[in-house]
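Chains as they are written, first to last, in the UniProt record's numbering: chain C, 1 to 289; chain D, 1 to 249. All C-beta atoms, glycine included, are put in the ideal place defined by N, C-alpha and C.
Okay, here's the thing in structure tokens:
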């Protein structure tokens, strides 16, 4: 005897449409999750970097005096590194404002010392201010952590928006699947009735729909995740091939967590479809005797 | 949950106590119906179109809940049973639907085997029985055809085979010979009688076909204005009465 025909007819046009919708939602959800995760990672690295850095400006010091100040700073507890910026580095910093020709030698420029604090050392600014004042240096200390708070707040909003998008897309996918399951159930009411009257238990009938929608969610989710992987890879390739510097932009790459998100997308879609199918079928069957 | 088989030997297979049925806000389709069918009994249900025969049968095969009253099968009031217990009861009831209700994507063979598949039986365990039954109803050559390619009569025979394949304790048939020729109709009636005699299956057949009713010496219930009355107009007993009248004449 040939293999038994499934009790639910094979996929029809309605299921193809649902497959497309679930696949598209999974693609968007996976992409939004990857973006949220990338934003989160970038925020962490930016704030960690910025919070541990200070710039000391010495307006009246010459190069030798600046070097002595640098040694004084570096000897301070909690300072990992103090580096005197070269003339070229200062020119590069001012280039966005004054162009690439460089500044006249006669123009008085402050000496700048980039200070990196030891990890977990906070609020170095007041300590350095005190030491430099005691040593008689006219100075200004710019603690980057002052404006890191603004960056943090902005990134927190960006993360929240991305996570809200993920939550909305995921709940939309579940709602669409539940709606489609209900429609499929109505379209196959004849089959459900015959099985019901033949003595099939509710969980047996629900199981048929669960299996069908689990596979549908799994397949559609896999297609969506693969498309998201393709889109992410294209973005990374695009950024890298254009030679964009990663100084301000987050470093774009796919790590193990990103791959885990892509692997989990079809599983979550399948489970959502399965649970939606079960709840819808059981609820619908309970409305009949 | 499986109900114990000794229920079959209860005094009553089907019992309706003051059963009424109403759809939405309309008037009662059925009103205060009392009915008792003993195990192994054979009865007919007649009545004009729209009298409520199909509704009454739906109550018997547990597709509907009565608006009032109680339906009991095998001595169990169905209003107090869990959904799993109701499913277990349905497995002991074979139904021939008026509109057949075959699944178009399954073959005739698979449609007949459906109740066995629902029971979780392996295909190898029932293949021979299903093939034999299909051959018996004259569909041995067409068992791999799908319902849309079968005639109305053939579909009806598939529906009947599906209803009897589990050898149910109760067989409910709604116009089971409506689409077959008289010869096949008589053959199907023999199948119902065989089940009734050999397995003590309780059979109730709803029909308009008075010729069918006259073939069997069985009680006839008639639905009229939502009420159920036992009809003495038909059946061999009625024929005997007619013969007596003729003799006296």
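Which of the three DSSP states is assigned to residue i in this structure?
| i | result |
| --- | --- |
| residue 140 (chain D) | helix |
| residue 229 (chain D) | strand |
| residue 190 (chain D) | helix |
| residue 87 (chain D) | helix |
| residue 18 (chain D) | strand |
| residue 150 (chain D) | coil |
| residue 212 (chain D) | helix |
| residue 81 (chain C) | strand |
| residue 153 (chain C) | helix |
| residue 175 (chain D) | coil |
| residue 64 (chain D) | coil |
| residue 193 (chain C) | helix |
| residue 218 (chain D) | coil |
| residue 247 (chain C) | Any answer about residue 247 (chain C) is weak, because its pLDDT of 49 lies below 50 and its placement is not dependable; what the coordinates show is given next. Residue 247 (chain C) falls in the coil class under three-state DSSP. |
| residue 167 (chain D) | coil |
| residue 27 (chain C) | helix |
| residue 6 (chain D) | For residue 6 (chain D), the predicted structure reports a pLDDT of 42, less than 50, and the residue's modelled location is therefore unreliable. A value from the coordinates is still provided. In this structure, residue 6 (chain D) counts as helix in the three-state DSSP scheme. |
| residue 290 (chain C) | Chain C is shown only over 1 to 289; residue 290 (chain C) falls outside these bounds and no answer can be derived. |
| residue 80 (chain D) | helix |
| residue 52 (chain C) | coil |
| residue 12 (chain D) | coil |
| residue 98 (chain C) | helix |
| residue 94 (chain D) | strand |
| residue 3 (chain C) | coil |
| residue 118 (chain C) | coil |
| residue 15 (chain C) | helix |
| residue 140 (chain C) | strand |
| residue 133 (chain C) | helix |
| residue 276 (chain C) | helix |
| residue 40 (chain D) | coil |
| residue 70 (chain D) | strand |
| residue 120 (chain D) | coil |
With a 10 Å radius around its C-beta and 16 neighbouring C-beta atoms as the bar for buried, classify residue i as buried or exposed.
| i | result |
| --- | --- |
| residue 258 (chain C) | buried |
| residue 119 (chain D) | exposed |
| residue 20 (chain C) | exposed |
| residue 192 (chain D) | buried |
| residue 281 (chain C) | buried |
| residue 144 (chain D) | exposed |
| residue 110 (chain D) | buried |
| residue 191 (chain C) | buried |
| residue 262 (chain C) | buried |
| residue 106 (chain C) | exposed |
| residue 139 (chain C) | buried |
| residue 98 (chain C) | exposed |
| residue 124 (chain C) | buried |
| residue 126 (chain D) | buried |
| residue 156 (chain D) | buried |
| residue 80 (chain D) | exposed |
| residue 34 (chain D) | exposed |
Pull up the CB-CB distance for residue i and residue j, whole angstroms please, since I reckon it's below 8 Å.
| i | j | result |
| --- | --- | --- |
| residue 185 (chain D) | residue 212 (chain D) | 7 Å |
| residue 166 (chain C) | residue 36 (chain C) | 6 Å |
| residue 61 (chain D) | residue 197 (chain C) | 6 Å |
| residue 96 (chain D) | residue 163 (chain D) | 5 Å |
| residue 220 (chain D) | residue 44 (chain D) | 5 Å |
| residue 199 (chain C) | residue 91 (chain D) | 3 Å |
| residue 94 (chain D) | residue 39 (chain D) | Actually they are not in contact, since the Cβ atoms of residue 94 (chain D) and residue 39 (chain D) sit about 15 Å apart, beyond 8 Å. |
| residue 188 (chain C) | residue 31 (chain C) | Incorrect: roughly 34 Å between the Cβ atoms, too far for contact. |
Of the choices the options, whose alpha-carbon is the least far from that of residue i?
| i | options | result |
| --- | --- | --- |
| residue 148 (chain D) | D:107, D:38 and D:228 | D:107 |
| residue 160 (chain C) | C:26, C:39 and C:29 | C:39 |
| residue 16 (chain D) | D:70, D:26 and D:28 | D:70 |
| residue 86 (chain C) | C:75, C:62 and C:117 | C:62 |
| residue 88 (chain C) | C:101, C:77, C:80 and C:82 | C:101 |
| residue 177 (chain D) | D:116, D:83, D:152 and D:52 | D:152 |
| residue 53 (chain D) | D:161, D:98 and D:210 | D:98 |
| residue 82 (chain C) | C:57, C:5 and C:237 | C:57 |
| residue 25 (chain D) | D:55, D:129, D:67 and D:18 | D:67 |
| residue 278 (chain C) | C:210, C:130 and C:265 | C:210 |
| residue 53 (chain C) | C:237, C:143 and C:134 | C:143 |
| residue 193 (chain C) | D:58, D:170 and D:196 | D:58 |
With contact counted as at least three CB pairs below 8 Å, one residue from each stretch, are the region 100 to 111 of chain D and the region 36 to 52 of chain D in contact? Short answer: they don't touch.
For the region 78 to 93 of chain C against the region 148 to 155 of chain C, do three or more pairs of beta-carbon atoms, one drawn from each stretch, fall closer than 8 Å, so that the two count as touching? Flag = no, the region 78 to 93 of chain C and the region 148 to 155 of chain C do not touch.
Using 8 Å as the Cβ pair cut-off and three pairs as the minimum, do the region 107 to 122 of chain C and the region 63 to 74 of chain C touch? yes
Across the region 22 to 30 of chain C and the region 220 to 227 of chain C, are there enough close Cβ pairs to call them in contact, namely three or more that are closer than 8 Å? yes
Please confirm if the region 191 to 206 of chain D is in contact with the region 270 to 287 of chain C, defined as three or more CB-CB distances below 8 Å between the two stretches. no
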